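Protein chains in written order, with my numbering: chain B, 1 to 117; chain D, 1001 to 1111.
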């Protein structure tokens, strides 16, 4: 069982819908991440939160809005998505962010498979 | 090299055989090199995090080496077993906190 929990596992949404992806960890990790992965492609970094503050935004379109309500939770709010946004969205956490303490391994959730119709 | 590249994209191995594959990464601003194993229907699992040139790490039958000067890492599987079938991802991290993944090497071990 993964220690990072993502919900929902699958999501189908229309281009006018608003939905949210949720991620939760209780390992006391201080960094949390959103990655997007399309089939046969590398996972692409979207956002990094370090100590509940947004530290990296990889020029992600504003239709994706991250939120870190507390150190255990990470949300990704979705609005007015496009069909090309269909992908697997992975959440991960690490003890510290990459630039600290020699680079901690990431702990991943199982992902949310998103389909935009 | 601007991106993280893994080769081969996929490989088939007979049970009991050993194999290895490569991860190439930008050597400038290098901070850490990660290896993950990703089995179907599961989440990626961390195998190794390496930071020093010449580092070698081992976990059971799996080991990895790191050359930061030339920007490559090898992952070795000794005596492959069917449970080693997975996609192996490497990721290179820079000092600004960004971890860039390769597309992975898919390993299929046949009995």
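Beta carbons: idealized from backbone N, C-alpha and C, even for Gly. Remember, it's a predicted structure, so these values are computed and weren't measured experimentally.
Please classify residue i: does DSSP put it in a helix, a strand, or coil?
i                       : result
residue 1082 of chain D : helix
residue 96 of chain B   : coil
residue 84 of chain B   : helix
residue 108 of chain B  : strand
residue 1052 of chain D : coil
residue 1109 of chain D : strand
residue 28 of chain B   : coil
residue 63 of chain B   : coil
residue 1060 of chain D : coil
residue 1025 of chain D : coil
Give me, in chain order, the residues of the same chain whose beta-carbon lies closer than 7 Å to that of residue i; leave out the 5 immediate sequence neighbours on both sides.
i                       : result
residue 76 of chain B   : 20, 21, 34, 64, 66 and 89
residue 104 of chain B  : 94, 95 and 96
residue 1057 of chain D : 1048, 1050, 1063 and 1064
residue 1071 of chain D : 1001, 1024, 1025, 1026 and 1027
residue 7 of chain B    : 22
Is it buried or exposed for residue i, if we count other Cβ within 10 angstroms and need 16 for buried?
i                       : result
residue 43 of chain B   : buried
residue 87 of chain B   : buried
residue 1069 of chain D : exposed
residue 1037 of chain D : buried
residue 51 of chain B   : exposed
residue 85 of chain B   : buried
residue 25 of chain B   : buried
residue 110 of chain B  : buried
residue 12 of chain B   : exposed
residue 1012 of chain D : exposed
Could you give the distance in angstroms between the alpha-carbon of residue i and the alpha-carbon of residue j?
i                       : j                       : result
residue 38 of chain B   : residue 113 of chain B  : 10 Å
residue 1032 of chain D : residue 1004 of chain D : 13 Å
residue 1040 of chain D : residue 1087 of chain D : 8 Å
residue 1006 of chain D : residue 81 of chain B   : 31 Å
residue 1111 of chain D : residue 29 of chain B   : 40 Å
residue 1077 of chain D : residue 5 of chain B    : 30 Å
For residue i, I'd like the list of residues in its chain whose CB is within less than 8 Å of its CB, leaving aside the five on either flank, ordered along the chain.
i                       : result
residue 1029 of chain D : 1094, 1095 and 1096
Note down, in chain order, each residue of its chain lying with its Cβ closer than 6 Å to the Cβ of residue i, except the 5 sequence neighbours on either side.
i                      : result
residue 60 of chain B  : 46
residue 115 of chain B : 12 and 86
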